[in-house]
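**Q** What the sequence shown shows, in mature numbering (1 follows the signal peptide of the UniProt record, and there is no 0), is residues -21 to -1, 1 to 290, in sequence order.
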Amino acid sequence: MAKSIKLIGIFVLTQLLFACASTESPQHYKAELKERVSWQPISKVSAKDVVDVDFRDGRLVDNRWIIDLSYSVQIKEQKFQQRIEYYGTDKPFTLDSVLAETKCAVRAVNCDQQSIDWKAVEGEETFVGFTEKTRKQTMPYREDFGQISTKLQVRQGQKITSVPVTWQVKNQKLYIELQDALLNAPFQPEKAILLVEYHNPDYQETHKVVFGDYIFGLLGLSASHWHHEESKVQEWLDRLATCLPAGDIPCALEQMQSIEQSGESLPDSFYYHMASMYLMAGDQTNARVYAKKYLGGKNHSQYLHQARAML
């Protein structure tokens, strides 16, 4: 015990002598480079980061088909560095600090107390690159990330044709005027096929929806609408039967144009007869167009030589 007291006395005396001999506190310095990682913010992604387009919750509202739009984008993990410098000065000499250091030296207690006051000076954090980590994240649809186009096809047996459809993107939703488009179909559809295409230079995707009797019923589509169109075709045929014997070529062409635009399934020979009507009317340009149409069909042997002569 006497030996321990003696050692303490010597240590205290040494500290007192050092304090008296020093005219100013010694300076200390150290530095460290801290690294931090964080995920790239959504605001920093671009069109090339799109990995999926979500066409969600398709539904019929007020005779329009509505689809919610959103993106899945690939975001990267960012790495930042920051240099921190520490400047230190020795704490003022006191009996309490001597006692604490003595206890630390002799009994290994109170060793967590610092004898230096440190002041940290943080440098500016800088971006140094990306790590290899990525993840998917959903974000709202942005029109400047890509383009959308739509196509609506109607089908009845072997007949299939495209009909014009009006649509718009608003508030991350795609609105399609489905009823209006179907009412313009040239025949009563058994099915309707909606194709929504998204594309940008780095990514393409197609969304397909097939509509049948259930949706047609909700839209209130009646077969009488298309039967009325069929009666129109018969009306044009009846007029054609009157125009031709009278040699009224403009009248005949008008009826044939209406029949062609009706969407009816027409034999290849119909196009040869249209070419002949145009030739008789002195319109060689359209005569060639319809002669080519006839020759492009499968059944063109009957008027092969006559059609070729029109080219």
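Where a beta carbon is used, it is the ideal one built from N, C-alpha and C, also for glycine.
1) Locate the alpha helix (DSSP H) running through residue 66, then write down its first and last residues.
2) Terminal residues of the continuous alpha helix (DSSP H) containing residue 229?
3) Counting beta carbon pairs with one atom in the region 11 to 21 and one in the region 154 to 170, are three or more of them shorter than 8 Å?
4) Less than 8 Å between the CB atoms is what I'm expecting for residue 48 and residue 152, so what's the real figure, rounded?
5) According to DSSP, which residues form a beta bridge with residue 119?
6) Whose C-alpha, out of 103, 147, 24 and 196, is nearest the C-alpha of residue 119?
7) Name the DSSP bridge partner or partners of residue 291?
8) Along the chain, where does the beta strand (DSSP E) containing residue 186 start, and where does it finish?
9) Exposed or buried, what is residue 195 when buried is set at 16 or more other beta-carbons lying within 10 Å of its beta-carbon?
10) Between residue 231 and residue 269, what straight-line distance do the alpha-carbon atoms span, to the nearest angstrom?
11) Give the DSSP-derived three-state secondary structure of residue -17 in the structure shown.
12) If we ignore side chains and look at the alpha-carbon of each, how far apart do residue 131 and residue 280 end up?
13) Can you grab the Cα-Cα spacing for the pair residue 200 / residue 162, in whole Å?
14) Among residues of its own chain, excluding the 5 on either side of residue 289, which ones have a beta-carbon nearer than 7 Å to its beta-carbon?
15) Determine the direct distance from the alpha carbon of residue 115 to that of residue 70, and round the result to whole angstroms.
16) Can you tell me whether residue 251 is buried or exposed? The criterion is at least 16 other CB atoms within 10 Å of its CB, across all chains shown.
17) Measure the Cβ-Cβ separation of residue 179 and residue 29 and say whether it is below 8 Å.
18) Just to confirm, is the Cβ distance from residue 36 to residue 51 under 8 Å?
19) Shortest alpha-carbon distance to residue 215 belongs to which of 204, 233 and 34?
20) Alpha carbon to alpha carbon, how far is residue 26 from residue 222? Give it in angstroms, no decimals.
**A** Answer, in terms of the structure:
1) No alpha helix (DSSP H) holds residue 66; the beta strand (DSSP E) holding it covers 43 to 69.
2) DSSP places residue 229 in the uninterrupted alpha helix (DSSP H) bounded by 228 to 240.
3) When Cβ pairs closer than 8 Å are counted between the two stretches, the region 154 to 170 is seen not to touch the region 11 to 21, the count staying below three.
4) 6 Å
5) 49
6) 24
7) Past the boundaries of the shown model lies residue 291; the chain is included only from -21 to 290, so the question cannot be answered.
8) For residue 186, the enclosing beta strand (DSSP E) starts and ends at 182 to 190.
9) Residue 195 is buried by the Cβ-count criterion.
10) 15 Å
11) Residue placement at residue -17 is flagged as unreliable, the pLDDT there being 48, under the threshold of 50; a coordinate-derived value is accordingly withheld.
12) Rounded to whole angstroms, residue 131 and residue 280 show a C-alpha spacing of 34 Å.
13) 8 Å
14) 254, 258, 266, 267 and 270
15) 52 Å
16) buried
17) yes
18) Not in contact: residue 36 and residue 51 (Cβ atoms no closer than 8 Å).
19) 233
20) 59 Å
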